[in-house]
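For the protein sequence lines, the chains are A and B, in the order given.
Residue numbers for the first sequence follow my numbering, beginning at 25 and rising by one.
Residue numbers for the second sequence follow my numbering, beginning at 25 and rising by one.
There are 2 protein chains.
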Amino acid sequence: MTKKAPPISDGHRRTRRDHSRETAEDYVEAVAEITVEHGRCRVVDLARRFAVSHVTVSKTVSRLSESGLVTSEPYGPVELTARGQRLARESRRRHEVVYDFLLAIGVSEKAAAIDAEGIEHHMSPETLKCMAELTEKITRKTP
Amino acid sequence: MTKKAPPISDGHRRTRRDHSRETAEDYVEAVAEITVEHGRCRVVDLARRFAVSHVTVSKTVSRLSESGLVTSEPYGPVELTARGQRLARESRRRHEVVYDFLLAIGVSEKAAAIDAEGIEHHMSPETLKCMAELTEKITRKTP
DNA sequence: GTCAATATGTAGCCGAGGCTACACTTAGTC
DNA sequence: GACTAAGTGTAGCCTCGGCTACATATTGAC
Chain A
25 MTKKAPPISD GHRRTRRDHS RETAEDYVEA VAEITVEHGR CRVVDLARRF
75 AVSHVTVSKT VSRLSESGLV TSEPYGPVEL TARGQRLARE SRRRHEVVYD
125 FLLAIGVSEK AAAIDAEGIE HHMSPETLKC MAELTEKITR KTP
Chain B
25 MTKKAPPISD GHRRTRRDHS RETAEDYVEA VAEITVEHGR CRVVDLARRF
75 AVSHVTVSKT VSRLSESGLV TSEPYGPVEL TARGQRLARE SRRRHEVVYD
125 FLLAIGVSEK AAAIDAEGIE HHMSPETLKC MAELTEKITR KTP
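In structure tokens, the structure reads:
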């Protein structure tokens, strides 16, 4: 139980700048997956994946390109830079830890998939570690 | 050209970027807490809480007011409507469930506070229920 | 009551992330 | 080679959530 007012926003750091980082992570993750699935990743693939217009994807890809996470030439596929690949790997790993954890504590696959996507960007390394450990403990006990 | 094929923005809804719902939840939660702590909630209180300018708060409060979650008159305090209070209670409960859960699985108070804020908006009722149950189980075992 | 400090409002700017409408390229098919 | 469908780009508009600069209101001390 929570005894007294939890330290809800104890400090400040209302870094709503995380938002663009989230977008970047979602995109590089998607680019990596789509490239594996289809051999290459096109704008329209991302548009379908995120259920947004190709215009939105196009603009976002431009921004990511300026940030050095992806490369793309006119009418060409979207590809990850070395940095983009690294970020994609990290994001995917975090995603998996969260997803496996949710399954381990009894959440359905469907809800786990949705919630994992929502929260994967907000996990500190510490929390991630706790989740991974608990998942390990639970699945070892009940395999 | 009747593009019939691409019903891009149907189906998968706007699960993406219901970011404004998060903002609403953060605000009503903060208004409720500040009102309890100080007797009333002013724009400047919210500005300090979220570490943003009073202008940002002022605009957001206007939007929330149009959505029927808060009321405020010029130079007056920000107050929750009935709907706002209900949302605040729900948000706070969710926040507590997540926070307590993180503590229960071994996350430090500091990290738990930060992460709870990040993820509380992305939890399905199902996941929330699993977390509450597991918290109960753990804290009963090791009180 | 006056005055300064604090709080709030308004104007105007920005970037991210959405959209539609329209123009153009690429890739197949005949 | 020509035509068409799908993919991509560009222009222009929107909202949300940020900001600074400046104007006005409220409040407290004197």
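Each residue gets a CB set at the ideal place from its N, CA and C atoms; glycine is no exception.
Practice task
State the Cα-Cα distance for the pair A:P31 and B:H78, rounded to the nearest angstrom.
Solution key: Reliability fails at A:P31, whose pLDDT of 31 lies under 50, so the model's placement of it is uncertain and no value is given.
Problem - Within-8 Å CB hit, B:C154 to chain A - result: So yes, B:C154 belongs to the interface.
Exercise for the section: Just confirm the distance between the C-beta atoms of A:E49 and A:L111, as a whole number of angstroms; I'd bet it's less than 8 Å. Expected result: Yes, they are in contact, since the Cβ atoms of A:E49 and A:L111 sit about 6 Å apart, within 8 Å.
Practice task
Identify every run of the alpha helix (DSSP H) within the region 51-132 of chain B, keeping only runs that are complete inside it and at least 4 residues long; order them along the chain.
Solution key: 67-74, 78-90 and 106-128
Practice task
State the Cα-Cα distance for the pair B:T80 and B:S86, rounded to the nearest angstrom.
Solution key: 10 Å
Handout entry: Reference A:A106, options A:S89, A:K165 and A:L152, closest by Cα
Key = A:S89
Exercise for the section: Flag this pair as yes or no: are the beta carbons of A:L70 and A:V121 separated by less than 8 Å? Expected result: no
Problem - Candidates A:M155, A:Q109, A:F125 and A:D139: closest to A:A54 by CA position - result: A:Q109
Handout entry: Which listed residue (A:E97, A:I129 and A:T95) has its alpha carbon closest to that of A:C154
Key = A:I129
Problem - 8 Å CB neighbourhood of B:P98 in its chain, flanking five on each side removed - result: none
Exercise for the section: Would you mind giving the Cβ-Cβ distance between B:H145 and B:E46, rounded to the nearest angstrom? I have them listed as a contact below 8 Å. Expected result: 4 Å
Practice task
Reducing DSSP to helix, strand and coil, say where B:D42 ends up.
Solution key: coil
Exercise for the section: Determine the burial state of B:R116: buried for a count of at least 16 other Cβ atoms within 10 Å of its Cβ, exposed for fewer. Expected result: buried
Handout entry: Within chain B, the residues that A:G130 reaches when beta carbons sit closer than 7 Å
Key = The contact set of A:G130 on chain B, defined by CB atoms closer than 7 Å, consists of C154 in chain order.
Practice task
Express the C-alpha separation of A:V52 and A:V94 in angstroms, rounding to a whole number.
Solution key: Straight across, the Cα-Cα distance linking A:V94 with A:V52 is about 8 Å.
Problem - Euclidean distance between Cα positions of B:S33 and A:I58 - result: Bear in mind that the predicted position of B:S33 carries a pLDDT of just 36, short of 50, making it too unreliable to give a figure here.
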